[in-house]
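Participant:
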Amino acid sequence: MGTTIREVKSTPKSLINEQGELQRGVFKEYFKEFNLLNKKRPILKKLINRNLLTEWQAVEVLAADIFMICAVFKFGVMNRTLFFVYEIKENILHDYSSMSLIGTKANVAPFLEGMSVSSRKTKDTFVKITNNLNNGELYLEGYGNKLDNDIEFALSFKRIAEPSVVSVPMTDNHIVYTEKDLLVPTGYIDFKGKKHSLDKSDVTILDDHRGYYPLSSGYDWVTCMGDIVVDNKESKFGINLTSFYKNEEPEKINENGYWLNGEYHQLPSVEFNREGFNWLITDKDSKVNLVFVQRNCFNEKKNMGLKIDYTLAFGTLSGEIITDDNKVIKVNEMFSLGEKRLTKLFKGKTHNY
Numbered sequence: 295m296g297t298t299i300r301e302v303k304s305t306p307k308s309l310i311n312e313q314g315e316l317q318r319g320v321f322k323e324y325f326k327e328f329n330l331l332n333k334k335r336p337i338l339k340k341l342i343n344r345n346l347l348t349e350w351q352a353v354e355v356l357a358a359d360i361f362m363i364c365a366v367f368k369f370g371v372m373n374r375t376l377f378f379v380y381e382i383k384e385n386i387l388h389d390y391s392s393m394s395l396i397g398t399k400a401n402v403a404p405f406l407e408g409m410s411v412s413s414r415k416t417k418d419t420f421v422k423i424t425n426n427l428n429n430g431e432l433y434l435e436g437y438g439n440k441l442d443n444d445i446e447f448a449l450s451f452k453r454i455a456e457p458s459v460v461s462v463p464m465t466d467n468h469i470v471y472t473e474k475d476l477l478v479p480t481g482y483i484d485f486k487g488k489k490h491s492l493d494k495s496d497v498t499i500l501d502d503h504r505g506y507y508p509l510s511s512g513y514d515w516v517t518c519m520g521d522i523v524v525d526n527k528e529s530k531f532g533i534n535l536t537s538f539y540k541n542e543e544p545e546k547i548n549e550n551g552y553w554l555n556g557e558y559h560q561l562p563s564v565e566f567n568r569e570g571f572n573w574l575i576t577d578k579d580s581k582v583n584l585v586f587v588q589r590n591c592f593n594e595k596k597n598m599g600l601k602i603d604y605t606l607a608f609g610t611l612s613g614e615i616i617t618d619d620n621k622v623i624k625v626n627e628m629f630s631l632g633e634k635r636l637t638k639l640f641k642g643k644t645h646n647y
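Residue numbers (our numbering): 295 to 647.
This is the structure in structure tokens:
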């Protein structure tokens, strides 16, 4: 691993230990087992574990002129596909997402190796993610608007850098696991009659996410990916920055960092401030000074006792990162993806402070 500012632990076999406790911390590799339904709770509460568990797996694919995100999502009885294609130059967003409470169920892979599958199929769309991270491999296939032949894709990916693996303690009883991987694709995306062939010049991020959220909580998040020139050398690059509204140990346990030259380098905890369409992302020591400029977005708001305010934004990231050896990494309008997620149950407290 590259720059380390937080302790990195060896990864146990399971995210839930033999005592039924959720393990917290920053880890070296992915977990071979999650077993989140084995979380220790009183008998009555244990019966509803399944309905409180949030799981999703997303693949974020950047090609020359389009970006595609496919995610299989499950929360209790809610089954969902998040599926967007963004035409970068034209600033046009296409939404193939769908949701159901019963019927078309989402299957989220129980682990990330051995060709385990996350998938969801509806009348019009299909997304299948096949995990083989024990060999550094991932596969993605599917389609959208089948009758109109809007989009079809078949891609394979190879991991090119160390992963980010973190189990965030939002409260004593709520821990969320996240894994981020940087990969290069091969294959194709057929989109509205045009075939986009992808190869090692393109880049992809895998986002695996599962755990127990407090019903009143949320986060701000931004990621970017692409090629960057550092020290006169072009390299694959990616950033992941998140501010969880609830985190008992934000300095010690977070998923902030960047990939460069096959290594993952940790970054400090950050703060997000929004000024219109500009998201300002900084830390207290001025190591991170970035601006995400939102160009387009999907927004969802609901309020039925549980208030939901969710934004998935598409845009660019600019600014700089100061490394531990005081080198400056300049980011200049790289394609970027951002999220804001807020849930609030009645008058529940959404932040630690």
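By construction, the Cβ of each residue, glycine as well, lies at the ideal position given by its N, Cα and C atoms.
On a predicted model such as this, the values are computed, not experimentally measured, just so you know.
With 16 other CB atoms within 10 Å as the buried threshold, where does G568 fall?
Facilitator: Along the sequence shown, read from residue 1 onward, the residue named residue 568 stands at position 274. For the sequence presented, residue 568 should be read as Arg rather than Gly. Exposed, by the Cβ-count rule.
Participant: Bridge partners for N593 per DSSP, in chain order?
Facilitator: Taking the sequence shown and counting its residues from 1, one reaches residue 593 at position 299. Paired residue(s): T605.
Participant: Could you spell out the range, first to last residue, of the beta strand (DSSP E) harbouring A448?
Facilitator: By 1-based counting over the sequence shown, the position of residue 448 is 154. Run containing A448: I445 to R453, per the beta strand (DSSP E) assignment.
Participant: Near N580, what residues of its chain come up, given a Cβ to Cβ distance below 6 angstroms and the 5 sequence neighbours on each side ignored?
Facilitator: Looking up residue 580 in the sequence shown gives position 286. According to the sequence as given, residue 580 is Ser; it is not Asn. So the list is empty, once near-sequence residues are dropped.
Participant: Would you tell me roughly how many angstroms separate the C-alpha atoms of F640 and E549, rounded to the nearest one?
Facilitator: For the purposes of this step, residue 640 is taken as residue 346 along the sequence shown, with counting starting at 1. For the purposes of this step, residue 549 is taken as residue 255 along the sequence shown, with counting starting at 1. So the alpha carbons of these two residues sit roughly 29 angstroms apart.
Participant: Quick one: is L556 buried, meaning 16 or more other Cβ sit within 10 Å of its Cβ, or exposed?
Facilitator: One-based indexing of the sequence shown puts residue 556 at position 262. Note that residue 556 corresponds to Gly in the displayed sequence, not to Leu. That one is exposed.
Participant: So, using beta-carbon positions, are H703 and G370 closer together than 9 angstroms?
Facilitator: Shown here, the chain extends from 295 to 647; a query on residue 703 therefore has no answer.
Participant: In angstroms, rounded to a whole number, what distance separates the CA positions of N311 and Q317?
Facilitator: On the sequence shown, residue 311 is found 17 positions in, with the first residue counted as 1. On the sequence shown, residue 317 is found 23 positions in, with the first residue counted as 1. Those two C-alpha atoms are separated by around 7 angstroms.
Participant: By Cβ distance below 7 angstroms, which residues in the same chain neighbour H645 in space, the five residues on each side in sequence not counted?
Facilitator: Within the sequence shown, numbered from 1, the residue matching residue 645 stands at position 351. Answer for H645: Y539 and K540, listed in chain order.
Participant: Which residues does DSSP pair with T480 in a beta bridge?
Facilitator: Numbered from 1 along the sequence shown, position 186 holds the residue referred to as residue 480. In DSSP, T480 forms a bridge with S450.
Participant: Per DSSP, which residues does T398 bridge with? Please list them.
Facilitator: Position 104 of the sequence shown holds residue 398. None, per the DSSP bridge assignment.
Participant: So F531 packs on L500, CB below 8 angstroms; how close in whole Å?
Facilitator: Taking the sequence shown and counting its residues from 1, the one referred to as residue 531 is at position 237. Taking the sequence shown and counting its residues from 1, the one referred to as residue 500 is at position 206. Actually they are not in contact, since the Cβ atoms of F531 and L500 sit about 16 angstroms apart, beyond 8 angstroms.
Participant: Return the first residue and the last residue of the beta strand (DSSP E) that S580 is part of.
Facilitator: Here residue 580 refers to the residue found at position 286 when the sequence shown is read from its first residue. Neither: S580 is in no beta strand (DSSP E) and is coded neither H nor E.
Participant: Since I believe T637 is in contact with G512 (beta carbons under 8 angstroms), could you give me their beta-carbon distance rounded to a whole number of angstroms?
Facilitator: Here residue 512 corresponds to residue number 218 of the sequence shown, with the count starting at 1. Here residue 637 corresponds to residue number 343 of the sequence shown, with the count starting at 1. Indeed they touch by this definition, with Cβ atoms about 6 angstroms apart.
Participant: Evaluate E545 with the Cβ neighbour count: other Cβ atoms within 10 Å of its Cβ, from every protein chain shown; 16 or more gives buried, anything less gives exposed.
Facilitator: For this step, residue 545 is matched to residue 251 along the sequence shown. Burial call: exposed.
Participant: So, using beta-carbon positions, are I386 and N590 closer together than 9 angstroms?
Facilitator: Position 92 of the sequence shown, counted from the first residue, corresponds to residue 386. Position 296 of the sequence shown, counted from the first residue, corresponds to residue 590. For I386 and N590, yes; Cβs fall inside 9 angstroms.
Participant: Beta-carbon within less than 7 angstroms of D493's beta-carbon, same chain only, minus the 5 sequence neighbours each way: which residues are those?
Facilitator: Here the question's residue 493 lines up with position 199 in the sequence shown. Cβ neighbours of D493 beyond the five flanking positions: T480.
Participant: Please state whether DSSP places R568 in a helix, a strand or coil.
Facilitator: Locating residue 568 in the sequence shown gives position 274, counting from the first residue. Three-state result, R568: strand.
Participant: According to DSSP, L330 sits in a beta bridge with which residue or residues?
Facilitator: Position 36 of the sequence shown, counted from the first residue, corresponds to residue 330. BP columns for L330 are empty, so no partner.
Participant: Just to confirm, is the Cβ distance from E323 to P457 under 9 angstroms?
Facilitator: As a first step, residue 323 must be located in the sequence shown, where it is residue number 29. As a first step, residue 457 must be located in the sequence shown, where it is residue number 163. The answer is yes: Cβ separation under 9 angstroms.
Participant: Does K440 come out as helix, strand or coil in the three-state DSSP assignment?
Facilitator: Within the sequence shown, numbered from 1, the residue matching residue 440 stands at position 146. K440 falls in the helix class under three-state DSSP.
Participant: What separation, rounded to the nearest whole angstrom, lies between the Cα atoms of F405 and V459?
Facilitator: If you number the sequence shown from 1, residue 405 lands on position 111. If you number the sequence shown from 1, residue 459 lands on position 165. Using only the alpha carbons, I get a separation of about 14 angstroms.
Participant: Can you tell me whether T536 is buried or exposed? The criterion is at least 16 other CB atoms within 10 Å of its CB, across all chains shown.
Facilitator: Residue mapping note: residue 536 aligns to position 242 of the sequence shown, counting from 1. So T536 counts as buried.
Participant: Taking the straight line between their C-alpha atoms, what separation do you get for F367 and E473?
Facilitator: Counted from its first residue, the sequence shown places residue 367 at position 73. Counted from its first residue, the sequence shown places residue 473 at position 179. Each residue's alpha carbon lies about 15 angstroms from the other.
Participant: How about D577 and L561: do their beta carbons lie closer than 9 angstroms?
Facilitator: Within the sequence shown, numbered from 1, the residue matching residue 577 stands at position 283. Within the sequence shown, numbered from 1, the residue matching residue 561 stands at position 267. It is a contact, given that the beta carbons lie within the stated cut-off.
Participant: Looking at the secondary structure, which residues open and close the beta strand (DSSP E) in which F361 lies?
Facilitator: Taking the sequence shown and counting its residues from 1, the one referred to as residue 361 is at position 67. First-last of the beta strand (DSSP E) with F361: I360 to F369.
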